[in-house]
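Just so we're on the same page, the UniProt record's numbering is the position in the sequence shown counted from 1, plus 2.
Okay, structure first, notes after.
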Amino acid sequence: RTVFVNGEYLPETEAKVSIFDRGFLMADGVYEVTSVLDGKLIDFDGHLKRLERSLNELGIQKPAEFDDLLEIHRKLVADNGIEEGMVYLQITRGSPGDRDFVFPDPETTRPTLVLFTQNKPGLADNPVAKQGIKVISIEDIRWGRRDIKTVQLLYPSMGKMMAKKAGCDDAWLVEDGFVTEGTSNNTYIVKGGKIITRNLSNDILHGITRAAVLKFAREAQMEVEERPFTIEEAQGAEEAFFTSASAFVMPVIEVDGVKVGEGKVGPVATRLREIYLDESR
Ligand code: PDD
3 RTVFVNGEYL PETEAKVSIF DRGFLMADGV YEVTSVLDGK LIDFDGHLKR LERSLNELGI
63 QKPAEFDDLL EIHRKLVADN GIEEGMVYLQ ITRGSPGDRD FVFPDPETTR PTLVLFTQNK
123 PGLADNPVAK QGIKVISIED IRWGRRDIKT VQLLYPSMGK MMAKKAGCDD AWLVEDGFVT
183 EGTSNNTYIV KGGKIITRNL SNDILHGITR AAVLKFAREA QMEVEERPFT IEEAQGAEEA
243 FFTSASAFVM PVIEVDGVKV GEGKVGPVAT RLREIYLDES R
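Right, dumping it as structure tokens:
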């Protein structure tokens with residue numbers, strides 16, 4: 003596989019980042035995941051805009067190649083022959099050559115830019131989306147700036163492990179009694195045919211798939227309400243689902259051992275997945 007590191011296309015075995023990189027030492031970096039379907043990037047502009055915002059919020063410099071990111075994405079997809087899969091991009095504050103809590107001088111330390119592809123055949127035709135998944139709820143103990151897409155993914159990763167241990171697929175995070183989001187996705191319920199999802203704030207990531215799905219839903223005359231909901235409300239809902247760049251629209255059929263609706267994939271999630279895949283490819 004060819005990867006991109008700091009201005010160079012290299013075989014993955016030759017790609018190197020310093021041990022002093024602040025991404026490695028301090029999780030001082032941001033990332034994006036863009037899906038590829040039929041060899042084409044999905045929602046690239048949205049991911050690029052959010053990347054720019056994440057960098058601005060943290061005061062990380064744009065890498066020199068920022069304006070070439072679309073071209074770099076396309077070249078990696080082509081060179082690695084990706085038909086279905088994703089492109090992972092990470093930018094860190096760089097490698098100042100020593101460990102220090104104080105940010106390095108941007109004049110002397112350039113940000114680190116890394117991109118690689120992941121081949122995932124069957125992403126769109128995922129059989130899991132026809133069965134639905136099961137989630138547990140756990141407390142949301144992450145930091146207060148979840149709107150910034152940082153590489154601080156230890157707690158989401160632990161949440162996934164807790165879910166697996168409980169025989170489930172993912173965890174929904176709960177703060178002050180309300181669901182914030184999933185470990186790596188935005189969460190939704192359906193009540194009275196209406197789509198309910200948490201409103202945007204610093205408490206959740208502003209999902210690119212969320213924005214697209216809500217737009218398509220409104221265009222299809224489906225009602226949308228942006229507000230927080232509880233686990234109990236999800237358990238009593240007609241349907242539940244989540245969205246992310248890597249899973250699109252994914253039905254959730256069980257929450258903390260309680261079936262949602264009839265415990266089967268529902269019509270709203272099915273329709274939204276179809277619309278999203280049709281409209282964005
Ligand atoms: N995760 N919320 C969180 C905490 C996320 O990590 C993600 C994305 C989302 C959905 O955002 P989007 O629709 O823009 O992908 C919501 C990516 C896919 C990941 O970490 O792999």
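Cβ atoms here follow ideal geometry from the backbone N, Cα and C, with glycine treated the same way.
Computed from a predicted structure; not experimentally measured.
Count the other C-beta atoms from every protein chain shown that fall within 10 angstroms of the C-beta of residue i, then say buried if there are 16 or more, exposed otherwise.
| i | result |
| --- | --- |
| residue 110 | exposed |
| residue 47 | exposed |
| residue 1 | Limits of the chain in this structure are 3 at one end and 283 at the other, which puts residue 1 out of reach. |
| residue 172 | buried |
| residue 283 | exposed |
| residue 61 | exposed |
| residue 15 | exposed |
| residue 134 | buried |
Quick one: does the C-beta of residue i sit closer than 7 Å to a heavy atom of the ligand PDD?
| i | result |
| --- | --- |
| residue 93 | no |
| residue 35 | yes |
| residue 150 | no |
| residue 276 | no |
| residue 207 | yes |
| residue 191 | no |
| residue 59 | no |
| residue 210 | yes |
| residue 131 | no |
| residue 187 | yes |
| residue 159 | no |
| residue 228 | no |
| residue 245 | yes |
| residue 248 | yes |
| residue 141 | no |
Could you round the C-beta distance between residue i and residue j to whole angstroms and report it? I think they count as a contact, below 8 Å.
| i | j | result |
| --- | --- | --- |
| residue 3 | residue 118 | 7 Å |
| residue 206 | residue 182 | 5 Å |
With a Cβ-Cβ cutoff of 8 Å, do residue i and residue j count as a contact?
| i | j | result |
| --- | --- | --- |
| residue 88 | residue 7 | no |
| residue 32 | residue 57 | yes |
| residue 199 | residue 189 | yes |
| residue 192 | residue 165 | no |
| residue 24 | residue 210 | no |
| residue 113 | residue 154 | no |
| residue 268 | residue 228 | no |
Which residues does DSSP list as the beta-bridge partners of residue i?
| i | result |
| --- | --- |
| residue 43 | 38 |
| residue 117 | 6, 91 |
| residue 184 | 174 |
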